[in-house]
Amino acid sequence: MTSVLEQRYRTALRLLPSYYRAEREEEMVETYLDGIDERDRDEMRPALGEMASIAALALRTRMGAAGAPARYATLGATVRLFALLSVLLHAASELTVRTLLLTWFAGAPAQDQELFRGGFTDHGALPGPYEAVLWLLPLAWTVAYVALLHDHRRTAFVSAALAALPDLASAMHAMDAGWGTVTVALSLATALLSWLTVLALCCGFHCDAPPARLPLVSTGQALMGTCVLVGASTVVLWPRVADTGWAEGSAFIAAAAVWLVVRRRSPKHVADPALPLALATLGLAVLVQRILTLASSAQNTPGSLVADFTVQAGIIALLAAALTATGTRSLTPRFRTG
27 MTSVLEQRYR TALRLLPSYY RAEREEEMVE TYLDGIDERD RDEMRPALGE MASIAALALR
87 TRMGAAGAPA RYATLGATVR LFALLSVLLH AASELTVRTL LLTWFAGAPA QDQELFRGGF
147 TDHGALPGPY EAVLWLLPLA WTVAYVALLH DHRRTAFVSA ALAALPDLAS AMHAMDAGWG
207 TVTVALSLAT ALLSWLTVLA LCCGFHCDAP PARLPLVSTG QALMGTCVLV GASTVVLWPR
267 VADTGWAEGS AFIAAAAVWL VVRRRSPKHV ADPALPLALA TLGLAVLVQR ILTLASSAQN
327 TPGSLVADFT VQAGIIALLA AALTATGTRS LTPRFRTG
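All you need for the working numbering is the position in the sequence shown, starting with 1, plus 26.
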């Protein structure tokens, strides 16, 4: 007769995908029940540690663990590529913008330099260093990118979490200050993308996952090329508006366009749906930020810039749709049912 404890273990094991339960469920139940007196099995519950380990195993087995069916392998690869591409975009953006800002500061008039320093020194003894830390922390995205590509996963995760803290602080400040609804939504969307990246790092790069790799390009070239794109896009708009989101949108457009061109010329070499789906997910996040930026600044922005922002948002939407369609078509019946 099945005991209550065994039923509870089997209920907990339903968190695992069916392919894994079919292979391991009986073995796992026997292991959990081993050494427990049958008279006590109707009064006991699975330990919290056991439940946590089952939940972690359920996540790993759905993120492309060894022996996983093709659909789970594709899901895991998509999550890992999204995390890697998002970390790359954050790293290039934060590194480039701060480099440009310091370059401007070195040659700026004394009055402008004093105004810039005032952002760190005019808040008192404690808030000043706090503002400085918030300004420096986003550079940890670069540390996370380098660590991830050298397979130092814990360092990458910790660095990404630290780098995402300023966006969270900014969103909390926007809500506390009672800023406009659109401005608060933009801050929340920015923080959500940062922490979604951290979550994807945590979930995708589990202990059984393969190392991080960028397709089609080396890691150093990817960072350098993205920095150049972000820098060039920022400099174009710098005299009129310092909008880093424009630069990130331009980087996404370039990456998506390159992939679509490569796919058209060599479809067999880019048949894996993980990359277009990961790019499409990142593009959707960037698009949300661009729309909210446009909505929050439309009244105070010159008409020509509003037109530019609108065109860019439209291009991002079209490319994200094309990537989604391409990735979905690449999901063969083997991926859908495997």
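Yeah, the Cβ is synthetic: ideal placement off N, Cα and C, and Gly gets one too.
Check, Outcome
"Of the residues A195, R34, I341, P302, the one placed nearest E76, counting alpha carbons only", "R34"
"Presumed contact (8 Å Cβ cut-off) between A217 and S196, rounded CB distance", "7 Å"
"Three-state class that DSSP yields for D68 in the structure shown", "coil"
"The stretch 114-133 in contact with the stretch 248-256 per 3-pair CB rule at 8 Å", "yes"
"Contained alpha helix (DSSP H) runs [length at least 4] in the stretch 76-156, N- to C-terminal order", "96-133, 136-147"
"Nearest-angstrom beta carbon gap, R239 and G271 [assumed within contact, 8 Å]", "That belief does not hold up - the Cβ atoms of G271 and R239 are roughly 28 Å apart, past 8 Å."
"Opening and closing residue of the alpha helix (DSSP H) in which F231 lies", "Here F231 belongs to no alpha helix (DSSP H), and DSSP marks it neither H nor E."
"Among R179, D334, E52, V159, the one whose alpha carbon lies nearest that of P192", "V159"
"Cβ contact (3+ pairs, closer than 8 Å) linking the stretch 221-238 and the stretch 102-119", "yes"
"Proximity winner among T28, P95, L59, A351, relative to T49 (alpha-carbon distances)", "One point to set straight first is that residue 49 is Glu, not Thr, in the sequence displayed. Nearest C-alpha to E49: P95."
"CB-CB length for L126 against T319, believed under 8 Å", "That pair is no contact at about 19 Å."
"Alpha-carbon spacing of L301 relative to E140, whole angstroms", "46 Å"
"Proximity to M70 [Cα-Cα], best of W205, S29, F278", "S29"
"Whether Y171 touches L114 by CB criterion (8 Å)", "yes"
"Buried versus exposed call for G61 [16 or more other C-beta atoms within 10 Å across all chains shown]", "exposed"
"Residues of its chain near G230, where Cβ-Cβ distance is below 7 Å and the 5 sequence neighbours each way are ignored", "M89, G102, V105, R106, A109"
"Check whether L42 and L83 have beta carbons under 8 Å apart", "yes"
"CB contact flag (S322, G154, <8 Å)", "no"
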